[in-house]
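Enquirer: There's a structure below that I have some questions on.
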Amino acid sequence: MSYQIPKFRHPQLPVNALGYTKADYEGSISTLCAGCGHDSISGSIVRACHELSIEPHKIAKLSGIGCSSKAPTYFLGKSHGFNSVHGRMPSVVTGAAMANRDLIYLGVSGDGDTASIGMGQFAHVARRNLNMVYIVMNNGCYGLTKGQDSATADEGSVSKKGDANMYSAIDLCATALQMGATFVARSFSGDKEQLVPLIKAAISHRGFALIDVVSPCVTFNNNPGSTKSYEFVREHAEATGTVDFVPMQKEITTAYEPGSSHEVTLHDGSSIHLYKMDEDLDPFDRTSALINMEKHRTAGDILTGLIYLNKDSRDLHDVMETTRRPLNTLTEDDLCPGNQMLKNINDSLR
Amino acid sequence: MKPTDIKDPEYFHKVVDCQYACPAHTPVPEYIRLIAAERYTEAYMINWHSNVFPGILGRTCDRPCEPACRRGRLQGDDEEPVAICRLKRVAADNKSDIRDQLPVIPKQKNGKRIALIGAGPASLTVARDLAPLGYIIDIYDNQFAGGGMMRSQIPSFRLPIEVLDEEVNYILDMGINTTFDIEVESLQEILDKGYDAVFVGTGAPRGKGLNLPGLEDAADKVHLGIDWLASVAFEHTHKIEEKVLVLGGGNTAMDCCRTSKRLGGDDVRVVVRSPFEDMKASPWEKEDAMHEGIPIYNNHVPKEFVVEEGELKGMHFEKVEARYDEDGKRSLVPTGEPLVFMEADVVLMAIGQENAFPWVERDLGIEFDKWDMPVVDPTTFQSTNEKVFFGGDAAFGPENVITAVAHGHQAAISIDLYCRGEAVSERPAPGVTLASQKMGVHEWSYDNAVEADPRYIVPLAPLDKSLADRKMEVELGFDPTTAFKEAERCLNCDVQTVFEEARCIECDACVDICPTDCITFTPNAEEEQLRVSLSAPASNLAQDLYVSHDLPTARVMVKDENVCLHCGLCAERCPTSAWDMQKFLYNVTKAGQ
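One line per chain: the protein sequences are E and P, in this order. Just so you know, our numbering puts 99 at position 99 of the first sequence, and the rest follows in order with no gaps. Just so you know, our numbering puts 180 at position 180 of the second sequence, and the rest follows in order with no gaps.
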């Protein structure tokens, strides 16, 4: 068993605008099961952050409990990290994000951590539109406790033991939409070409960005009859369209057929292009997104790609009109502006 | 691209860079692992079977394996190859008595008589391969003992005489009939003795000279390098004058200057026409010479000997600079500066060697080409006289010991085939095995961790002591602890990443874990296009792409072999064992096998 990744890397690894290679965004060697979808998601996060040229210390990765929540150890080894209580990651992110709005908050959670013990927290962080990326590594089972069905397991999906799940599944994307999330996407761990641009777009989006990533559990939920196996997802994934992320600094070079694409400029000046989109779906309309998801669900398909984006998103800081500076940069003068200011406030209340 | 045929033994052979580069194709990683396991005798025997002279080569080999070593291609300019050569010496230094492991020589001979002309590495290899098959072997040499240029040209401070004798005698003790101290002056005479086959391994015995103005007057103070080295080795020469100029930039020049330094030369200089980087000498030999306080003057073309009153005073040199044209062809252009004078009491010329076959009659059916070299088949080493075979430097000009050994093995195969009446063109296939190294879920039979240690340096004897005694070996060799650490630097390139597409579920785990981004799953394309579209560019065209058959998603797996660390992580992270680490052992088939 290897405990370390060899230090050698490919001598011609591409370097980003900061002069870093992909290796500078990696973490420790994974201790998840061989073939776990979560490792591929980690790989996509590494790629997205490298390609966006984010300084690693500008990212905070937070998680709860579970296989998924172990995963942050395996990427962004030079970023801030907080492994919190089961299902309570959203509270911790809320506190951190309120205190320091300058960091990029990357919440990593699983289907148990989000849809079972953390359901309440998930609902509220979505409705508050906290500026964060919330990635669910969704494998439909509790891998860490030997593979019991989780709340996202589809009704009728067969576990490794051979039993069909009796209960209705929670659809995290639909729930997030209902709760007021402003960026909702679904993807598959085995499709980096789709997942990487989605992560980049989610990072650039201001507000709550959910990416529900179907991530097969090779040990407990990759058997025939499972709706979260590699084979099933490959056969049943239906993309809403193709997402292309264009960073602010970069000139748009891809040619798109007129009328076939949408261009959305995000808060940080970068833009995303949606092309080859499903004609029935208007990704900027919540009703259309909900109808489409339901339509695919009943057809037995898994709708992937960008499902909904609110172009006018106002995040929690905007709504609360908080200070634009991180709290740790506020001085005594900022916090105690003096008697005159107090008097003004008091006067305004008389 | 077409799927890679891993059943072709040459595919994985090429991945083992060191073994592939070795003329004798010694299975390097296999013996390095044995050295790490302190199984020195077994490591030695693997070498002995493949390259015949492990103790000698572990000190003197030109090491074509080392520039090929994958480690040198890894990230970082200062990453150096594994010290393969000096590890080989560790096996030789620490082995136990191996005599009971040598081939048994049949008492009943097969009746075929073979003459070997010259007792250098090529001939000795032929003898080693044929004697166990029952051939009667007569070896002829003009020196008093076997070894050829290994005895006459390699100084004792690089190769102690005991090491040479030991390995030469393993072969001569196989019942070889030796005729030493006699110059063979006619091939006709040898053929007249009714041999079934004759092997010519007489090397490149003639040193080249420079006919410059003043040479005639200075002749007694101007020596040919190899002849002078031989006269030192054979104890005819014991001292040299104070001021020595050595002309030439090859390994012989390095041996000449270092020997001079030990025989009384005080102001010893090497003067070479070419730029320092273009010198033919191995980099480590240049380093060793400079370490002993010998300056190397490059870009100096010798012009004339300066002789006053019948006595050599020195030499004049013209300063030049190297210019390279578009094709990289070099020309040395005079800088126009005045000639440089260097004082000298004696000059050693080590500017090259050539073949000489005055003793081979030209009416024996052996064709000679326009350079007066025999026409020799590069695969079978047979000349145009089907009975006469050539090998070593005698075949295609000066090379090195390991090349001579490789020639010897192939010539022995040809001689055996010829004597049995079979076609010499039917070469035996190499012996190949491929076996999984899996010991458990995540356990391998080899140390798959990649050590980051820089190359270890071989300790040297104190300079003052080694300069005082020409027979004192300069290099002390690795001690077992250092040898272990150096051996652990080996990447085990012979443990191959074998991919079985039927098992692959395309989970990407191998792609994600691979530290050097070797693996890509992609739609198939032409090689040129694939090489630029992989996870990391595959720009080293000398290294192959390993391409799978089509996978269920209509993609293929493409692996760039170039900087694969053979760390086994792809196989460790593979949930279905579609990747497996399998040891590939490639052995060149020897005569009679």
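Glycine residues also receive a C-beta, built at the ideal position from the N, C-alpha and C atoms. No experiment lies behind these values; they were computed from the predicted model shown.
#1: Just mark V319(E) as buried or exposed, buried being the case when its beta carbon has 16 or more other beta carbons within 10 Å.
#2: Tell me whether W444(P) is buried or exposed, calling it buried when 16 or more other Cβ atoms sit within 10 Å of its Cβ.
#3: For H223(P), report the span of its alpha helix (DSSP H) as first-last.
#4: Within this structure, are the beta carbons of N110(P) and Y135(P) separated by less than 8 Å?
#5: Against G35(E), what residues of chain P qualify as contacts under a CB-to-CB distance less than 8 Å, listed in chain order?
#6: By alpha-carbon positions, which one of V401(P), E242(P), Q188(P) and G225(P) ends up nearest to G352(P)?
#7: Let's test the definition: count the other Cβ atoms within 10 Å of the Cβ of C336(E) and tell me whether it reaches 16, buried, or not, exposed.
#8: Quick check on the burial criterion: 16 or more other C-beta atoms within 10 angstroms. Buried or exposed for S123(P)?
#9: According to DSSP, simplified to helix, strand and coil, what is Q496(P)?
#10: Would the segment 230-242 of chain P and the segment 319-328 of chain P be scored as touching if the rule is three or more Cβ pairs under 8 Å?
#11: Would you mind working out which of V346(P), A350(P) and E318(P) sits nearest L339(P), comparing C-alpha positions?
#12: Report the CB separation of Y140(P) from I117(P) in whole angstroms; it is logged as a contact under 8 Å.
#13: Can you name the residues of chain E whose CB is closer than 9 Å to the CB of A452(P)?
#14: Could you compute how far the alpha carbon of G81(E) sits from the alpha carbon of T329(E)?
#15: Report the option in G225(E), H10(E) and I302(E) whose CA atom is closest to the CA atom of L74(P).
#16: Find out if the Cβ-Cβ distance for the pair G110(E), V136(E) is shorter than 8 Å.
#17: Pull up the distance between the alpha-carbon of L198(E) and that of W579(P), whole angstroms please.
#18: Going by beta carbon distance, what residues of the same chain come within less than 7 Å of Y324(P), once the five residues before and after it are set aside?
#19: For Q148(E), which residues in the same chain have their Cβ closer than 7 Å to its Cβ, ignoring the five residues on either side in sequence?
#20: Determine, using beta carbons only, whether T137(E) comes closer than 8 Å to chain P.
#21: Comparing C-alpha positions only, which one of S63(E), M1(E) and S157(E) sits nearest to P224(E)?
#22: Starting from the Cα of A97(E), find the closest Cα among I29(E), I307(E), L316(E) and I170(E) and give me that residue.
#23: Helix or strand or just coil, what does DSSP make of D138(P)?
#24: The segment 521-551 of chain P: which residues have C-beta closer than 7 Å to a C-beta of chain A, in chain order?
#25: Would you call the CB atoms of R59(P) and R128(P) closer than 8 Å?
#26: Between which two residues does the alpha helix (DSSP H) harbouring R127(E) extend?
#27: Beta-carbon separation of A21(P) and A68(P) under 8 Å?
#28: Using only CA atoms, which one of M1(P), G175(P), C61(P) and D17(P) lies nearest to N400(P)?
#29: For a quick check, are the C-beta atoms of H566(P) and E501(P) less than 8 Å apart?
#30: How should Q121(E) be labelled, buried or exposed, when 16 other C-beta atoms within 10 angstroms of its C-beta is the threshold for buried?
#31: Quickly, what does DSSP pair S331(P) with across the bridge? List them, please.
#32: Can you grab the Cα-Cα spacing for the pair G190(E) / S535(P), in whole Å?
#33: Quick check on this structure: which residue in V556(P), V495(P), L463(P) and V532(P) has the alpha carbon closest to the alpha carbon of D508(P)?
#34: Which value, in whole angstroms, describes the spacing of the CA atoms of K70(E) and G27(E)?
#35: Listing by chain order, which chain E residues have their CB less than 9 Å from the CB of C490(P)?
#36: Determine the direct distance from the alpha carbon of R70(P) to that of A429(P), and round the result to whole angstroms.
Expert: In brief:
#1: exposed
#2: So W444(P) counts as buried.
#3: H223(P) -> not in any alpha helix (DSSP H); beta strand (DSSP E) instead, spanning V222 to L224.
#4: yes
#5: I505, C507, A509, R573, C574, P575 and T576
#6: G225(P)
#7: exposed
#8: Looking at its Cβ environment, which holds 16 or more other Cβ atoms inside 10 Å, S123(P) is buried.
#9: strand
#10: The answer is no - the segment 319-328 of chain P does not touch the segment 230-242 of chain P, with fewer than three Cβ pairs under 8 Å.
#11: Looking from the CA of L339(P), the closest CA among V346(P), A350(P) and E318(P) belongs to E318(P).
#12: 5 Å
#13: P6, K7 and F8
#14: 21 Å
#15: For the residues G225(E), H10(E) and I302(E), the minimum Cα distance to L74(P) belongs to H10(E).
#16: yes
#17: 30 Å
#18: R330
#19: C141 and Y142
#20: Looking at the sequence shown, residue 137(E) is not Thr but Met. It does not; no Cβ of chain P falls within 8 Å.
#21: S157(E)
#22: The residue among I29(E), I307(E), L316(E) and I170(E) with its C-alpha nearest the C-alpha of A97(E) is L316(E).
#23: Strand.
#24: Reference to chain A is not applicable here, since the protein chains of this structure are E and P.
#25: no
#26: M119 to R127
#27: yes
#28: C61(P)
#29: No; because the gap between Cβ atoms is not below 8 Å, this pair is not in contact.
#30: By the neighbour-count criterion, in which a residue is buried when 16 or more other Cβ atoms sit within 10 angstroms of its Cβ, Q121(E) is buried.
#31: R323(P)
#32: 15 Å
#33: V556(P)
#34: 12 Å
#35: Under the 9 Å cutoff, chain E gives no residues; its nearest Cβ is about 13 Å from C490(P).
#36: 26 Å
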